[in-house]
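Residue numbers (this note's numbering): 112 to 444. Don't be surprised by glycine CBs; every beta carbon is placed ideally from N, CA and C. No experiment lies behind these values; they were computed from the predicted model shown.
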Ligand SMILES: [Zn+2]
C-alpha cells in the first residue's frame, strides 16, 4: 500500500501512510461556548479533563489507534487552543476540523452578514472555513483537515443549505474532504449527496456520517453506489442502537463487497455538555474511544470479517479520504 500526500494535524503535517489506524469521527470536548461562560457545567473541570483526555488518548494509542479526527466544529464549543494542550501530551495524531454544526438556523450574526444582507459582502462562512484550512484556526496555526456539515430532522433548511454551500466552496478551493452528520431515521444522507454533488463536490470525497444508526441496507448501498463513504461511526451509542446490530450491518455490507466504502468510529468524547460523563456512565458505558479496539474489532472478526477488511476500514479508507483532493496518488488496496 502506498498513499502519497500529507494531512494536517495539531502537531503539523503527517504523511498519509503514517496515519495508521484512524478513528475518523470523534470529539475531544463538546460544549457550548456561551453557556460554558455563563453557567459552567458542574462536571466540567478544565485541567482535570485535559489530563483525562491526554491519558485517555494514550490508552487508545496502547490499543493501536494512531490518529483521531476531532469533528468538534463551530456550534459545538470548538476551542482549538484547549485541544492543543491535549495534543501536546499524547502520541496520537489529533486532526482538527472546520464547518458549522446547526440542524436548523445559524446565529443572528450570519443573518446580517453576507451577500445581499444588511452588512453586504461575501459569505463570512466561506472565508472562515478557508482560513481555518489554509492559515490555521484562531491564531493557533493548527490547520483543519476536514469540513463538517449537518442535516438532522428538519432537513435542508435555508441555513443548513447555506452552510453546505459554503463547505462545498471551501472544499473546491482546498480539496479537504467533507463529512456530515446525517439523520438516519429520515435517510437524509441522500439529500446531502445530492446537494453537495450538485454544488460540485465529487461524492468520492464525502463521508456520510452516522450511517451506523441505520439498518436499511438498501439506503446505505445507494449512498455507497453513488460514490460516498459511509460512517459506521457511533459504536457504543447503544442508547440509539445496540452494538450487536451495528456490527451485523457492517458484516452484511462487507459480504456485499463494500469494505472500501465504510469507515468505523464512535462519535465519543472525553467530555460533552450534551451528555455529560455521569449520564454516559449510566446509560452508555461502552461509549468511549476504546470500544472499537477493545470490543468491536473482535466481534467483526468473529462474525466473518477478514483482517484485510478491518485494515481497509480503519487504515486505508481514512488515509484515502483525509489527503486533500488533487494531492493523492498511489494504490489504496
Ligand atoms: Zn460527532
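- Between the C-alpha atoms of residue 115 and residue 322 there is a straight-line separation of about 28 Å.
- Of the heavy atoms belonging to ligand 1, none sits nearer than 7 Å to the Cβ of residue 294.
- By the criterion of a C-beta distance shorter than 6 Å, residue 264 is surrounded in its chain by 294, once the five residues flanking it on both sides are discounted.
- Relative to the non-hydrogen atoms of ligand 1, the Cβ of residue 138 comes within a distance shorter than 7 Å of at least one.
- The residues 121, 122 and 205, in chain order, have a CB closer than 7 Å to that of residue 198 in the same chain once the five nearest residues on each side in sequence are set aside.
- Of all C-beta pairs linking the region 229-236 to the region 142-152, fewer than three are shorter than 8 Å, placing the two stretches out of contact.
- The three-state reading of DSSP puts residue 414 in coil, since its state is none of H, G, I, E or B.
- Per DSSP, reduced to three states, the secondary structure at residue 424 is helical.
- Put simply, the backbone Cα of residue 310 is about 37 Å away from that of residue 168.
- For residue 204, the beta-bridge partners assigned by DSSP are 178.
- Three or more beta-carbon pairs separated by less than 8 Å are not found between the region 214-230 and the region 242-259, which leaves the two stretches without contact.
- Residue side-chain check: residue 182 places its Cβ nearer than 7 Å to a non-hydrogen atom of ligand 1.
- In the three-state reduction of the DSSP assignment, residue 338 falls in the coil class.
- Residue 229 is classed as exposed because its beta carbon has fewer than 16 other beta carbons within 10 Å across all chains shown.
- Counting along the chain, residue 259 sits inside the beta strand (DSSP E) bounded by residues 255-261.
- Between residue 188 and residue 250, the C-beta spacing is not below 8 Å.
- Taking every protein chain shown into account, the CB of residue 210 has 16 or more other CB atoms within 10 angstroms, so this residue is buried.
- DSSP, reduced to helix, strand and coil, places residue 120 within a strand of the structure shown.
- Its Cα nearest to that of residue 154, the residue 381 stands out among 416, 423, 396 and 381.
- Here residue 373 carries a strand assignment [DSSP, helix/strand/coil].
- Ligand 1 approaches residue 378 closely enough that one of its heavy atoms is under 7 Å from the residue's Cβ.
- Secondary structure of residue 293 (DSSP, three-state): coil.
- The beta carbon of residue 291 is closer than 6 Å to those of 260, 303, 319 and 320 in its chain, skipping five residues each way along the sequence.
- The Cβ atoms of residue 358 and residue 414 sit closer than 8 Å to each other.
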